[in-house]
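Data block below; observations after.
Residue numbers (UniProt numbering): 1 to 275.
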């Protein structure tokens, strides 16, 4: 079995932290996390402090993780160079499905640093970028010996492959509720309760209105947001939120349809996959 540390994109969020705990406490493998610093992200400081707290708690409660969990490698998004192929693939995908801009610069980062097999905590869900993975992954065994998933050969030959082909997806068949069940059994809930998700924190608490906060509520995890902020989120969902989302999708679809060339050299993707 290969003893090379696993490269995991760790943000301090629920999904990536759940996978971190599996790697360290179930599989007993070394992990070298990767974190990309986006200075435009309002949650930057909170995410880094969250990861520090989780690391410190792990060291106290599971001393073996002191050697297994390597220092995080930090990279600045501002240092990532443009890549026309990736940017065009990203905008073509936006024609059919709204996904975050981080998937554009993440793909460029991996390509420019010649990184492959990097793990991302993308859960099984019919929302956002994770929807692109449904029906497009195949099982594989990581070189460290545990089960995971990668894109299928057909998906690799598409815009989805251009964006996600250098990643592996250990959580491709598991959703948040299944993670919570496993975490309950393993005693990980206190650690996962420390994780962060909000993109626009207010006074150190989740805003209740950003996309991740809305996702937490729709997944049935609204208890993670203070009651007053949940109320704000309900108002936002009923008023401003839908208008902002519609306007954003119009811009994304226009750019993808009229300002981005058609795919050449590989097949274009369809957001309608076999579920």
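Note that the Cβ used here is the ideal one computed from N, Cα and C, for glycine as well.
Being a predicted model, the structure only gives us computed values, none of them experimental.
request  = In the DSSP assignment, find the unbroken alpha helix (DSSP H) run with residue 35 in it and report its ends.
outcome  = Looking up residue 35 in the chain shown gives position 35. Run containing residue 35: none in the alpha helix (DSSP H); it sits in the beta strand (DSSP E), 31-37.
Span separating the alpha-carbon of residue 103 from that of residue 164 = Against the chain shown, residue 103 aligns to sequence position 103. Against the chain shown, residue 164 aligns to sequence position 164. Rounded to the nearest angstrom, the two C-alpha atoms are 8 angstroms apart.
request  = Check whether the segment 142-150 touches the segment 23-32, taking contact to mean three or more Cβ pairs, one atom from each stretch, closer than 8 angstroms.
outcome  = Cβ pair count under 8 angstroms is three or more, so yes.
ask   = By Cβ distance, which residues of its chain are closer than 8 angstroms to residue 81, with the 5 residues on each side in sequence left out?
value = Working through the chain shown from its first residue, we reach residue 81 at position 81. Its chain contains 108 and 112 as the residues whose beta carbon lies nearer than 8 angstroms to that of residue 81, once the 5 sequence neighbours on both sides are disregarded; these appear in chain order.
key: Spatial distance of residue 55 from residue 187 (CA atoms)   = Counted from its first residue, the chain shown places residue 55 at position 55. Counted from its first residue, the chain shown places residue 187 at position 187. One C-alpha to the other measures close to 16 angstroms.
key: Distance, residue 86 Cα to residue 261 Cα   = Numbered from its first residue, the chain shown carries residue 261 at position 261. Numbered from its first residue, the chain shown carries residue 86 at position 86. One C-alpha to the other measures close to 12 angstroms.
ask   = Nearest-angstrom Cα distance between residue 115 and residue 189?
value = Position 115 of the chain shown holds residue 115. Position 189 of the chain shown holds residue 189. Their backbone Cα atoms lie some 32 angstroms apart in a straight line.
query = If you check the beta carbons only, do residue 129 and residue 97 fall under 9 angstroms apart?
reply = Mapped onto the chain shown, residue 129 falls at position 129. Mapped onto the chain shown, residue 97 falls at position 97. Contact: yes.
task = Might you give, ordered along the chain, the residues of its own chain that have their beta carbon closer than 7 angstroms to the beta carbon of residue 47, omitting 5 neighbours on each side?
result = Counting from 1 along the chain shown, the entry for residue 47 is found at position 47. Excluding sequence neighbours, residue 47 sits near 11, 12 and 196.
query = Are the Cβ atoms of residue 41 and residue 149 separated by less than 9 angstroms?
reply = Working through the chain shown from its first residue, we reach residue 41 at position 41. Working through the chain shown from its first residue, we reach residue 149 at position 149. Taking 9 angstroms as the cut-off, the beta carbon of residue 41 is found no closer than this to the beta carbon of residue 149.
key: Counted within 10 angstroms of its Cβ, other Cβ atoms place residue 21 as buried (16 or more) or exposed   = Walking along the chain shown from the start, residue 21 turns up at place 21. In summary, residue 21 is buried, with 16 or more beta-carbon neighbours lying within 10 Å of its beta-carbon over all protein chains present.
ask   = What did DSSP end up calling residue 193 once you bin it into helix, strand or coil?
value = Within the chain shown, numbered from 1, the residue matching residue 193 stands at position 193. Coil.
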